[in-house]
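Accompanying notes for the structure given below.
Protein chains: 2
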Amino acid sequence: MVTIYDIAKKANVSAMTVSKVINNTGRISEKTRTKVRLVMEELNYVPNQMARGLVLQQTNILFLLITDITNSFYTTLARGAEDAAKKHGYRLLFGNSDENLIKESEYVDTILGTRVDGVLFSPAGDRSLPNLENLRMHKVPFVLLDREVPGIECDVVLGDSKEGARQLVEHMIAYQHNLIALINGSLEVSSARLRQQGYLDAHKLNDLLVREDYMLELSYEAHSDLTTIENWLKALSPQPTAIVAGNNVLAVEAIRAILNCGLRVPEDISVACFDDLGAISEITPFLTVVAQQAYQFGYMGVQLLIERIQERENVKPWKKIILPVELKVRKSVKQVMVE
Amino acid sequence: MVTIYDIAKKANVSAMTVSKVINNTGRISEKTRTKVRLVMEELNYVPNQMARGLVLQQTNILFLLITDITNSFYTTLARGAEDAAKKHGYRLLFGNSDENLIKESEYVDTILGTRVDGVLFSPAGDRSLPNLENLRMHKVPFVLLDREVPGIECDVVLGDSKEGARQLVEHMIAYQHNLIALINGSLEVSSARLRQQGYLDAHKLNDLLVREDYMLELSYEAHSDLTTIENWLKALSPQPTAIVAGNNVLAVEAIRAILNCGLRVPEDISVACFDDLGAISEITPFLTVVAQQAYQFGYMGVQLLIERIQERENVKPWKKIILPVELKVRKSVKQVMVE
DNA sequence: TTGTAGGCGTTATCAC
DNA sequence: GTGATAACGCCTACAA
Chain G
517 MVTIYDIAKK
527 ANVSAMTVSK
537 VINNTGRISE
547 KTRTKVRLVM
557 EELNYVPNQM
567 ARGLVLQQTN
577 ILFLLITDIT
587 NSFYTTLARG
597 AEDAAKKHGY
607 RLLFGNSDEN
617 LIKESEYVDT
627 ILGTRVDGVL
637 FSPAGDRSLP
647 NLENLRMHKV
657 PFVLLDREVP
667 GIECDVVLGD
677 SKEGARQLVE
687 HMIAYQHNLI
697 ALINGSLEVS
707 SARLRQQGYL
717 DAHKLNDLLV
727 REDYMLELSY
737 EAHSDLTTIE
747 NWLKALSPQP
757 TAIVAGNNVL
767 AVEAIRAILN
777 CGLRVPEDIS
787 VACFDDLGAI
797 SEITPFLTVV
807 AQQAYQFGYM
817 GVQLLIERIQ
827 ERENVKPWKK
837 IILPVELKVR
847 KSVKQVMVE
Chain A
517 MVTIYDIAKK
527 ANVSAMTVSK
537 VINNTGRISE
547 KTRTKVRLVM
557 EELNYVPNQM
567 ARGLVLQQTN
577 ILFLLITDIT
587 NSFYTTLARG
597 AEDAAKKHGY
607 RLLFGNSDEN
617 LIKESEYVDT
627 ILGTRVDGVL
637 FSPAGDRSLP
647 NLENLRMHKV
657 PFVLLDREVP
667 GIECDVVLGD
677 SKEGARQLVE
687 HMIAYQHNLI
697 ALINGSLEVS
707 SARLRQQGYL
717 DAHKLNDLLV
727 REDYMLELSY
737 EAHSDLTTIE
747 NWLKALSPQP
757 TAIVAGNNVL
767 AVEAIRAILN
777 CGLRVPEDIS
787 VACFDDLGAI
797 SEITPFLTVV
807 AQQAYQFGYM
817 GVQLLIERIQ
827 ERENVKPWKK
837 IILPVELKVR
847 KSVKQVMVE
């Protein structure tokens, strides 16, 4: 491993001089500067960030923890975070918790151990609280993405979940549906609660009866537990004519379950959901969705985070950004014929 | 920041004793062990991995660099790598190069600086060579994923690109197509070359004429340069009845371009490609693809990497794993009516 | 069983 | 302009 001492020896200067050349600090004559630079090139020197981080107490690295690397919402978000981080001169590292609290806490350990400068955190749910408190206790700045966690105050970037769910339901209603079910993520996740609230609000506003058994609580993560959905569907009487899904993963599972039951979408049951699918939506525009500005989640999250890192002690009030949603009407919702 | 010295002071022992408790090394009495553990809990101690890495010269961290975090092939691969890394007690960090050599080399700098133990590397293309040589020069073990790079010897996990392309073309031929075009990634990427080779082989084997202007060389990355495809398509005479795309991103772009031209898929032009799309394929099984075992790429890649890390100097021969492909016939290819 | 000394690679401070 | 010294937090080797 090449160190500044190797450089120093070969360039006939002290290690300190090398360090100064590297960091452009202090006064160095142009002659020694180029000499040192040459030797660095020659020896392929790369500064050891661990040693650097040790003394500087900062790494210039941001960490992004997402809950499902397989979901295009989060990968698009990641692209946004990446671009913003780059713009501000930070490196970005990713982690994937898989909606799993254990994995999440392992990542928090990595984060704490690695001493990254800040974290963009998409929490698995309300029970992520200890993990966040852990971060807070160790004074690691973080910004929550997509989900809030009761009990912790911080900067956060959210989508307008309640409004989105309301739009989804009202879209169904506009198409003459009045038996509208909800397949949702765990109610231990803030967005799921808000989406349920939006679902309920829309019912109330339109004088529609809410049936308790029409609301199925699952998990946002892909677990392919299709039989649960199938059994739930079969047990419902009357059968809903429409299903709103809490996110795209659940929508896909719902549709698979519907097909497994020998029914069709949208002929027999209409489906719409939160979050768009990937590029495929553009060529087979099938699923009607409430799209979120995924890229912006990441981009703005990084901005909030960097502000927070740079102000440090300067206790600004926490910011909450709520990004608007957009209904994209496609083909998975059928107009019900009124007899 | 809590250090082992803080623990030591509070527990009335030396820092060394604390270190031994943390690492389960040396002989420590049960009494002091629990005493130290208690204080660690109380003070919420987290070992500083930078300091640790500095002296140990290893981090227990693996790095996965992918070229397109937005492509489900790579995210599924990432899940596989994650699971394998976890199984072996390593942490996994991700990076996304976006098929961009500059970003790639920046990540290499991060990798080098961070002193991770090993790297899973999906190179942007042949011109990634300097980046790989950089890794090699610094003795960082790495495994190439999905693409080879001429000029560097190393472990590698590949898909059977040539065979897959051949199957794609022969599928078209079986459906009576004989005007089959190819939209491919840059020929500076090994997989694109092999896919072109498979395309050519299939033509030869079936006594089909190869038209130079039927082969369009673009980039695997999503750049939405639709007009290029549109203009190319319009200039072709006779117009192809089928298009094979080098990957899923290109297929989506091809289809969009076709639609923009006022044509339909598959009625006017059939399309099939390499790599499956995400979960959506299961509910709207539209695009005919040659699917790769994405998860296995990551999983096996980590296994190769860890073997390499642990053997270190023990110069085993390089391994090349070629994963088989699977044709999934769906609806984007039309049977041509033979007059 | 526990503690001391030295060093991993870097930088801040201050003297020359 | 340049360099010696100490420190960042931890671990190995050795001593007590």
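First to last, the sequence lines map onto chains G and A.
In the numbering used here, each residue carries its 1-based index in the first sequence increased by 516.
In the numbering used here, each residue carries its 1-based index in the second sequence increased by 516.
C-beta atoms are modelled at their ideal positions from N, C-alpha and C, and glycine is treated no differently.
Keep in mind it's a predicted model, so treat the numbers as computed, not measured.
The beta carbon of P563 (chain G) sits closer than 9 Å to some beta carbon of chain A. With respect to I759 (chain A), N722 (chain A) sits apart: the two C-beta atoms are not nearer than 9 Å.
Just so you know, the alpha carbons of L648 (chain A) and Q565 (chain G) end up roughly 20 Å apart.
C-alpha of F802 (chain A) to C-alpha of D784 (chain A): approximately 15 Å in a straight line. For the segment 527–580 of chain G, the continuous alpha helix (DSSP H) assignments of 4+ residues that do not extend past its boundaries occur at 531–539, 546–559, 565–572, in sequence order. I585 (chain A) belongs to the set of residues whose beta carbon lies under 9 Å from a beta carbon in chain G. Look at S797 (chain A): its C-beta is under 9 Å from a C-beta on chain G. In the assembly as shown, K850 (chain A) is a buried residue. Its beta-carbon has 16 or more other beta-carbons within 10 Å. Secondary structure within the segment 695–767 of chain A: the alpha helix (DSSP H) runs of 4 or more consecutive residues, fully enclosed, are 706–721, 742–751 (chain order).
Residues of the same chain with a CB within less than 6 Å of the CB of D717 (chain G), apart from the 5 flanking positions on each side, are R682 in chain order. Only A738 from the segment 720–748 of chain G bring a Cβ to less than 7 Å from some Cβ of chain A.
In this structure, the beta-carbon distance from K678 (chain G) to G641 (chain G) does not fall below 9 Å. Chain A places no beta carbon closer than 9 Å to that of H604 (chain G), leaving this residue out of the contacts.
Here the alpha carbons of I774 (chain G) and R780 (chain G) stand approximately 7 Å from one another. Rounded to the nearest whole angstrom, the CA to CA distance from V656 (chain G) to V635 (chain A) is 27 Å.
When the Cα atoms are used, W834 (chain G) and F658 (chain G) turn out to be separated by approximately 11 Å. Taking the beta carbon of T591 (chain G) as reference, the chain A residues within 7 Å of it are I585, T586, T591, listed in sequence order.
Against chain A, the CB of Q573 (chain G) has a partner CB under 9 Å away; the residue lies at that interface. Under the three-state reduction of DSSP output, I582 (chain A) falls in the strand class. Proximity of chain G to F658 (chain A) at the Cβ level (cut-off 7 Å) is not reached, the minimal Cβ distance being about 15 Å. For the pair V705 (chain G) and Y730 (chain G), the CB atoms are not nearer than the 9 Å cut-off.
The Cβ atoms of A567 (chain G) and L651 (chain A) do not sit closer than 9 Å to each other. Between D676 (chain G) and chain A, the shortest Cβ-Cβ separation is not below 9 Å. For H693 (chain A), the CB contacts under 7 Å within the same chain, skipping 5 residues up- and downstream, are T757, A758, S786, V852 in chain order. The DSSP-derived three-state label of V781 (chain G) is coil. Judged by their CB atoms, S707 (chain A) and G762 (chain A) are nearer to each other than the 9 Å cut-off. Using a Cβ-Cβ cut-off of 9 Å, M556 (chain A) does not count as an interface residue toward chain G, since no Cβ of chain G sits closer than that to its own. For the 9 Å CB-CB criterion, F610 (chain G) and I577 (chain G) do not form a contact.
Contact between I796 (chain G) and I796 (chain A) holds, with the beta-carbon distance rounding to 5 Å and staying under 8 Å. Non-local C-beta neighbours of L839 (chain G) in its own chain, meaning closer than 6 Å and more than five positions away in sequence, comprise G675, Q809, Q812, ordered along the chain.
Nearest neighbour of D599 (chain G) by Cα position, chosen from G:T743, G:D792, G:Q819, G:V765, turns out to be G:Q819. Collapsing the DSSP output to three states places Q683 (chain G) in a helix.
By the criterion of a C-beta distance shorter than 6 Å, Y606 (chain G) is surrounded in its chain by N576, L578, once the five residues flanking it on both sides are discounted. DSSP, read as helix, strand or coil, puts N612 (chain G) in strand. When the five nearest sequence neighbours on each side are left out, the beta carbons in the same chain lying within less than 6 Å of the beta carbon of I837 (chain A) are those of V673, M816, in order along the chain. The beta carbon of L593 (chain A) sits closer than 6 Å to those of A810, F813, G814, all from its chain and outside the five residues before and after it, given in chain order.
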